[in-house]
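Visitor:
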Amino acid sequence: SQTIHQWPATLVQPVGSPLSLECTVEGTSNPNLYWYRQAAGRGLQLLFYSVGIGQISSEVPQNLSASRPQDRQFILSSKKLLLSDSGFYLCAWSGGLPHTGELFFGEGSRLTVL
Amino acid sequence: DAKTTQPNSMESNEEEPVHLPCNHSTISGTDYIHWYRQLPSQGPEYVIHGLTSNVNNRMASLAIAEDRKSSTLILHRATLRDAAVYYCILRDPYNNNDMRFGAGTRLTVKP
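Protein chains in written order, with the working numbering: chain A, 2 to 115; chain B, 22 to 132.
(1) Mind pulling the chain B residues with CB within less than 7 Å of G28/A?
(2) Smallest Cα separation from W102/A: which of L41/B, S33/B, V130/B, I110/B?
(3) Beta-carbon separation of G64/B and L91/A under 9 Å?
(4) Against chain B, which members of the segment 57-71 of chain A pass a CB distance test of less than 8 Å?
(5) Taking Cβ to Cβ, would you say L104/A is nearer than 9 Å to Y57/B?
(6) Closer than 8 Å, Cβ to any Cβ of chain A: which residues of the segment 77-104 of chain B, in chain order?
(7) Going by Cα to Cα distance, which pick from A124/B, P114/B, P42/B is closest to S49/B?
(8) Based on Cα-Cα distance, which residue from R127/B, F122/B, L128/B lies nearest to Q46/A?
(9) From Q3/A, A10/A, S30/A, L115/A, pick the residue whose C-alpha is nearest to that of G97/A; which is it?
(10) Just checking: is the beta-carbon of M120/B within a distance shorter than 9 Å of some beta-carbon in chain A?
(11) Just list the beta strand (DSSP E) runs in the segment 42-70 of chain A, keeping only unbroken ones of 3 residues or longer that don't cross its boundaries, in chain order.
(12) So who's on the other strand from M31/B, going by DSSP bridges?
(13) Using alpha carbons as the reference points, say which of M80/B, E36/B, P28/B, R89/B lies closest to P132/B.
(14) Skipping 5 residues on each side, what residues in its chain have a beta carbon closer than 8 Å to that of S82/B?
(15) Helix, strand or coil for R112/B, going by three-state DSSP, please let me know.
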């Protein structure tokens, strides 16, 4: 069966520090991968999606970046965190095109920038 | 921009049915209607999806209007564990980036 994991689960970082969140998927190949962010009490905001290794599309301009070094690995990074980067970050995967099935979400990573 | 409209919040009593509405007046012919729910401090969880016909699974039922411009998620007997934020989204099967979630409906279940 397919599983998705992301880590760390929680982290507290000072403003200006770097960030690296990692997500891996097991049990499937060539998944579409997504990074979402959820600010406190808000809905989900799509940040990045990837259809294959090295292929990243950005939905919102920001100081975050994403990379996909391997088929089932998706990394969210920042060189210098801002206070506004605080939130709940969610990685998700789905099957490739054409797809009608569901998104599968990871457990989430809660980031607090102080 | 989310292409669906949902009420911000709803309340239900335990053991009673719940009907969660969603409007999607700009739905295209190929869009699937998906529902997810999110418990506190967890990632969203898939609930159900459909295209034109009503759908049933172990979690819920999905009733789709004949013109497909609205749908309703039905929880037949609400439990306290059903308290969550419910999201209705449209999914274009040929567009990878078309996975935008709105604010959803926060369902409160009263004992």
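Ideal Cβ placement from N, Cα and C applies to all residues, glycine included.
Guide: Short version:
(1) Under a criterion of Cβ atoms nearer than 7 Å, no residue of chain B is adjacent to G28/A; the nearest Cβ is some 16 Å distant.
(2) The question names Trp, but residue 102/A in the sequence shown is Gly. Among L41/B, S33/B, V130/B, I110/B, the Cα nearest to that of G102/A belongs to I110/B.
(3) yes
(4) When CB distances to chain B are screened at a threshold of 8 Å, the residues of the segment 57-71 of chain A falling below it are S58, E60, in chain order.
(5) yes
(6) none
(7) P114/B
(8) F122/B
(9) S30/A
(10) yes
(11) 45-53, 56-59
(12) The bridge partners DSSP lists for M31/B are L128/B.
(13) E36/B
(14) I69, N75, V76, L94, I95, H97
(15) strand
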